[in-house]
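Counting from 1, one number per residue, gives the positions in the sequence shown under my numbering. Note that CB positions come from ideal geometry on N, CA and C, so glycine has one too. These figures come from a predicted structure and were not determined experimentally. Here is the structure we will look at, set down as structure tokens.
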Amino acid sequence: MKYDILVIGAGPAGLCFARDMAKTGLCIGVIEKQPESVLADPPYDGREIALTHLSRKIMQELGIWDLIPDEHISGIKAAKVLNGRSPYALSFDHHEANEDALGFMISNHRIRKAAYESLKNFKNVHLLTKSEVLKVETDNEKGQIILEDGKCLESRLVIAADSRFSASRRMMGVPVSMLDFGRTCIVCTMHVESPHHYTAYECFHFDRTLAVLPLNNSQASIVITLGSEESAKVIGMSKHAFSADIERRTDNRFGKMNLTSKLFPYPLVATFAKRFCAERFALVGDAAVGMHPVTAHGFNLGLRGAHTLASEIRSALSAGCDFSSQKTLESYNRKHRRVSTPLYHGTNGIVRLYTRNSPVAKLARRALLRLGNNIKPAKRLILNQLTETKAA
Ligand SMILES: Cc1cc2nc3c(=O)[nH]c(=O)nc-3n(C[C@H](O)[C@H](O)[C@H](O)COP(=O)(O)OP(=O)(O)OC[C@H]3O[C@@H](n4cnc5c(N)ncnc54)[C@H](O)[C@@H]3O)c2cc1C
């Protein structure tokens, strides 16, 4: 079968890119190893995604946002960054951004479900589920994909959206820089007794970071990053012991806390592809840049990149040019690198600073929080990065 575009991976980035392309009328195939029943009703995976204003705008344009019921969208009204046990916090409020919220929390499985629903009625988009890609090749005329069952598919352009450990990126010989933090992120949801007032807390406790992110119905998303050797102990804790431990680590700010989900561990490995395109081939989502979750930018960046690539392809189509030409793909590569390079290295720098225990690092952390609060341009810069209102 011949397609215009083949997308490998129906995660949130692959589905959003396919949705962005759907109205062009191009024939699009989305290859996913999971069955369609999982795409239609993805299981809860513990990830509560903090979305920026730019992501909301893109998702609204794609008709994905409106498919998520309001009760499953929690607005973040304020944010506080704390250093160790010090009560001093770098604080942000939605009024400073002149917006109704700094950002929005939505469960990853609900984003995936809505992205799938937004696509399923397009006749020119074919979901090839329960299909694993075994081989990818491209030349100056076409891309060719071999599936596990031996089927051979052809397209003018191949898009890799198959996660930060993208096998197709490797098959296409695109190098990646990989940073294994040797740490694990544990996520879960908890019920809080005292109101969180829709404030997000990020607490840097030297060897651990702990984020408490506000959700509707007195729930909060808990994000802990810690040494991988310690994570097994935490996963093995009883519900009661875990809840008591988080209460203590948050200085009882939220009163009684009760675990309301399983604990989901994710290994912390950040990845950055050396280039985001090759001949008739482009990377989107985590396959291009796999971020550390501490700055909550992974999907936001993936969505922005997918939208940039879709816009480049649309421009080429409306100019009557080859949409899969090197010029189109290079333009995407340039634009997306400009946005993602500072974000990627900045995030990794924050991780290093906030997980080091040296006196210099402690001093630098304290100074940075004060600078962030007191130097107006610095605060505005962080606020813009957090909300992406300027880019929206
Ligand atoms: C704990 C945690 C918290 C996070 N919090 C935030 C946040 O607050 N804000 C934010 O913006 N981001 C956040 N992120 C990041 C966000 O979850 C990811 O950026 C996003 O899910 C990546 O989507 P993706 O579609 O690129 O990749 P994935 O979700 O990894 O999807 C890849 C898809 O490709 C399929 N696939 C893989 N290989 C093949 C193959 N060979 N053949 C066929 N199919 C294949 C897989 O089955 C999968 O469906 C967080 C991440 C974590 C781990």
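CB-CB under 7 Å to Asn258, same chain, minus the five flanking residues each way: which ones, in chain order? For Asn258, where only same-chain residues beyond five positions count, the Cβ hits under 7 Å are Met190, His191, Ser243.
Looking at Asp286 and ligand 1, is the gap between the Cβ and the nearest heavy atom below 6 Å? Under cutoff, so the answer is yes.
Give the list of continuous alpha helix (DSSP H) stretches no shorter than 4 residues that lie fully inside the stretch 167-224. If we require 4 residues or more, the alpha helix (DSSP H) runs fully inside the stretch 167-224 come out as 167-171.
Between the Cα of Ser155 and those of Tyr3, Thr295, Asp100, spot the shortest distance and give me the residue it belongs to. With distances taken between CA atoms, Ser155 lies nearest to Tyr3 out of Tyr3, Thr295, Asp100.
Considering only the alpha carbon of each residue, which of Lys335, His205, Asn300, Ile222 lies closest to Leu353? For the residues Lys335, His205, Asn300, Ile222, the minimum Cα distance to Leu353 belongs to His205.
Looking at Pro35 and ligand 1, is the gap between the Cβ and the nearest heavy atom below 6 Å? No.
Between the C-alpha atoms of Leu301 and Val339, what's the straight-line distance to the nearest angstrom? Distance between the alpha carbons of Leu301 and Val339 is about 8 Å.
Start and end residues, beta strand (DSSP E) containing Val294: Note, Val294: premise wrong, no beta strand (DSSP E); not H, not E.
Counting along the chain, where does the beta strand (DSSP E) carrying Tyr3 start and finish? First-last of the beta strand (DSSP E) with Tyr3: 2-8.
So is Lys113 buried or exposed if we call it buried at 16+ other beta carbons inside 10 Å? That one is buried.
Under three-state DSSP, which class holds Ala391? The answer is coil: DSSP assigns Ala391 none of H, G, I, E or B.
Taking only the alpha-carbon atoms, compute the straight-line gap between Arg337 and Ser194 and give it to the nearest angstrom. Cα-Cα distance, rounded: 42 Å.
What does the alpha-carbon distance come out to for the pair Gly298 and Gly290? Those two C-alpha atoms are separated by around 6 Å.
Evaluate Pro12 with the Cβ neighbour count: other Cβ atoms within 10 Å of its Cβ, from every protein chain shown; 16 or more gives buried, anything less gives exposed. Counting Cβ neighbours within 10 Å, Pro12 comes out buried, since at least 16 surround it.
Confirm, please, whether the CB-CB distance from Asp180 to Val234 is below 7 Å. Result no, Cβ atoms of Val234 and Asp180 do not sit closer than 7 Å.
Just to confirm, does Val133 get its C-beta within under 6 Å of one of the non-hydrogen atoms of ligand 1? Within the cutoff, so yes.
When the Cα of Phe264 is compared with those of Ala18, Ser37, Gly46, which residue comes out closest? The candidate whose alpha carbon is nearest that of Phe264 is Gly46.
Alpha helix (DSSP H) runs wholly inside the stretch 253-320, at least 4 long, in chain order: Taken in chain order, the complete alpha helix (DSSP H) segments of 4 residues or longer contained in the stretch 253-320 are 298-318.
What are the uninterrupted segments assigned as alpha helix (DSSP H) that are 4 or more residues long and contained completely in the stretch 316-379, given in chain order? As summarised for the stretch 316-379, the continuous alpha helix (DSSP H) elements at least 4 residues long and confined to that stretch are 326-355, 359-374, given in chain order.
Output the distance between the C-alpha atoms of Thr400 and Val294, rounded to the nearest integer angstrom. The requested residue 400 does not occur in the structure, where the chain is confined to residues 1 to 392.
Alpha carbon to alpha carbon, how far is Asp20 from Lys33? Give it in angstroms, no decimals. Their Cα atoms are separated by approximately 21 Å.
Just checking, does the stretch 162-179 make contact with the stretch 313-330 on the three C-beta pairs under 8 Å criterion? Proximity of the stretch 162-179 to the stretch 313-330 falls short of the contact definition, fewer than three beta-carbon pairs being nearer than 8 Å.
On the three-pair Cβ rule with 8 Å, is the stretch 90-105 touching the stretch 353-366? Contact between the stretch 90-105 and the stretch 353-366 is absent, because fewer than three Cβ pairs lie under 8 Å.
Sub-7 Å separation of Leu303 and Ser55 beta-carbons: Taking the C-beta atoms as reference points, Ser55 is found nearer than 7 Å to Leu303.
What whole-angstrom Cβ distance do Leu215 and Glu48 have, given they're in contact under 8 Å? Sure, about 6 Å apart at Cβ, within 8 Å.
Taking Gly75 and Tyr198 to be in contact with their CB atoms under 8 Å, please state how far apart those CB atoms are, rounded to whole angstroms. For Gly75 against Tyr198, the beta-carbon gap comes to about 6 Å, under 8 Å, which counts as contact.
For Phe92, which residues does DSSP report across the bridge? As a beta-bridge residue in DSSP terms, Phe92 pairs with Ala79.
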